[in-house]
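Here the structure is laid out as structure tokens; the discussion comes afterwards.
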Amino acid sequence: MKLIIAIVHDDDAGYLVDTLMEEGFSVTKLATTGGFLRSGNTTLISGVEDEKVDTALGIIEKICHSHEQVTTTAPAGVPSGGVFTHYPVKVTVGGATIFVMDVDRFIKV
Ligand code: 2BA
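The structure is reproduced here in structure tokens:
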């Protein structure tokens, strides 16, 4: 079994969860915050049988699109150094940031 952790845009999260559930995947949805932009995103975790990992990844890749995002808050790690600490920053946020990890044990009690 693998654990898929997918960080996705909030706008894609609802449809993605619905689609994964319809395809038989169990999903947990977490409201998260990106460290750089300090704005909300969604993290999905799903325990997936090895042979179904590619199917799940395919669904995520199909549904999640990259977005341009602008923040007017000083992003993390950018030194202010003066008066203008708040300025627009435009970045392309990826369709999804995905980690696939081995699961040692999967237990339900
Ligand atoms: P954030 O950390 O808010 O980053 C949002 C976007 O800002 C990133 O999109 C990237 O385009 C840009 N960015 C991030 N750090 C930057 C920096 N130091 N300098 C310039 N631009 C920077 P993505 O790379 O698609 O990441 C989207 C979200 O996925 C991230 O939100 C974060 O929540 C998560 N993420 C990405 N890589 C990760 C990693 N290695 N570990 C954990 N979470 C990660």
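For the sequence shown, position 19 matches number 63 in this note's numbering, and the numbering has no gaps at all. Backbone N, C-alpha and C fix where the C-beta goes; we use that ideal spot for every residue, glycine too.
_According to DSSP, Val133 sits in a beta bridge with which residue or residues?_
Thr115
*Using the Cα positions of Asp148 and Leu47, report the straight-line distance between them to the nearest angstrom.*
10 Å
*Counting pairs of beta carbons, one from the region 128-145 and one from the region 51-62, are three or more of them closer than 8 Å?*
yes
*Based on Cα-Cα distance, which residue from Asp62, Phe150, Gly102 and Val133 lies nearest to Phe80?*
Per the Cα distances, Val133.
*At what residues does the alpha helix (DSSP H) containing Ile104 begin and finish?*
Val97 to Ile107
*asked:* Check for me: the beta strand (DSSP E) holding Met65 runs from which residue to which?
replied: From DSSP, Met65 is part of no beta strand (DSSP E) but of the alpha helix (DSSP H) over Asp54 to Glu66.
*Identify every residue that forms a DSSP beta bridge with Gly84.*
The partner list for Gly84 (beta bridge, DSSP) reads Thr77.
*Find out if the Cβ-Cβ distance for the pair Ile89, Thr63 is shorter than 8 Å.*
no
_Phe143 - containing beta strand (DSSP E), residue span_ = Ala140 to Asp146
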